[in-house]
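Engineer: Chains A and B, in that order, give the protein sequences. In this text, residue positions in the first sequence follow the numbering used here: the first is 1, and each later residue adds one. In this text, residue positions in the second sequence follow the numbering used here: the first is 1001, and each later residue adds one.
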Amino acid sequence: DQQVKQNSPSLSVQEGRISILNCDYTNSMFDYFLWYKKYPAEGPTFLISISSIKDKNEDGRFTVFLNKSAKHLSLHIVPSQPGDSAVYFCAASAGSSNTGKLIFGQGTTLQVKP
Amino acid sequence: ETGVTQSPTHLIKTRGQQVTLRCSSQSGHNTVSWYQQALGQGPQFIFQYYREEENGRGNFPPRFSGLQFPNYSSELNVNALELDDSALYLCASSPDPANYGYTFGSGTRLTVV
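1) Flag this pair as touching only if the region 1003 to 1018 of chain B and the region 17 to 25 of chain A have three or more C-beta atom pairs under 8 Å; answer yes or no.
2) Check the Cβ of Gly1058/B against every Cβ in chain A and list those closer than 7 Å, keeping chain order.
3) CA-CA distance, Asp1085/B and Tyr36/A?
4) Taking DSSP as the reference, what is the three-state secondary structure of Glu1001/B?
5) Here's a check: name, in chain order, each residue in its chain whose Cβ is nearer than 6 Å to the Cβ of Ala92/A, leaving out the five neighbours to either side.
6) So Ser1065/B and Asn1055/B are supposed to be a Cβ contact under 8 Å. How far apart are they, rounded?
7) Between Pro1097/B and Phe1047/B, what straight-line distance do the alpha-carbon atoms span, to the nearest angstrom?
8) Going by C-alpha distance, which of Gly60/A, Leu47/A, Pro79/A, Ser51/A is nearest Val87/A?
9) I'd like to know if Leu1090/B contacts chain A, where contact means its C-beta is closer than 8 Å to some C-beta of that chain.
10) Could you pull the DSSP bridge partners for Ser28/A from this structure?
11) Would you say Ser93/A faces chain B, with C-beta separation under 8 Å as the test?
12) Using Cβ-Cβ distances below 7 Å, what residues of the region 1076 to 1109 of chain B are close to chain A?
See below:
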């Protein structure tokens, strides 16, 4: 049972344009969401997070949007840069449990072309 | 010391054997979590340790066990290895269990033959 789904395995965009990565979840108990970025041969790196009490969180070129009614979140990267090429994972938690359990999606490979 | 380091980076074991993977957490991080990442999948939560006690466990059998030590190091032990245990094992540390902005290590690639 895949509680967090990233339905697009890959995405290719031109440098300078917007990249939009999508994520859907099924568990209504999830109240905290994160995006991680992973380069080959490295561990995932925390990128940005959002609590369920918000619908938007912004950090520089990265913005995460949360639509609780649709159980959907998205990561916008504007403008996209070649260095953003990586695998992006969304993750969710029932944060109040404090057990460290993050449920990850399968990942989306982003390629930003110069 | 900054960052999370894991050893070894690669490992090949035979089915039925036992393996110990090691992790050195970021200084000051008293919470460590272990994840298994199969090829083409996202990381899957194995368990978390906080102040040397298990603080949460995912859907993994008891042959997966762990230890956390006072010096910010930890271990993941897997007994009776199976072919399906072949995966990338990731260690992640954080200052406390409520902080999900983990610092991940680069992982240990385990191959069971």
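Glycine included, C-beta positions come from ideal geometry on N, C-alpha and C.
Structural biologist: From the atom records:
1) The region 1003 to 1018 of chain B vs the region 17 to 25 of chain A: no contact.
2) Lys101, listed in chain order.
3) Approximately 24 Å, taken between the alpha carbons.
4) Bear in mind that the predicted position of Glu1001/B carries a pLDDT of just 47, short of 50, making it unreliable; the figure below should be weighed with that in mind. Residue state for Glu1001/B is assigned as coil, using DSSP reduced to three classes.
5) Spatial neighbours of Ala92/A in its own chain (CB-CB distance under 6 Å, excluding positions within 5 residues in sequence) are listed in chain order as Val4, Tyr25, Phe30, Phe33, Ile103.
6) Here Ser1065/B is actually not in contact with Asn1055/B; their C-beta atoms are around 14 Å apart, not less than 8 Å.
7) Using only the alpha carbons, I get a separation of about 12 Å.
8) Out of Gly60/A, Leu47/A, Pro79/A, Ser51/A, Leu47/A has the C-alpha closest to the C-alpha of Val87/A.
9) Interface residue, yes.
10) The partner list for Ser28/A (beta bridge, DSSP) is empty, contrary to what the question assumes.
11) Ser93/A counts as touching chain B.
12) Of all residues in the region 1076 to 1109 of chain B, only Leu1090, Pro1097, Ala1098, Tyr1100, Gly1101, Tyr1102, Phe1104, Gly1105, Ser1106, Gly1107 come within less than 7 Å of chain A when Cβ atoms are compared, listed by chain position.
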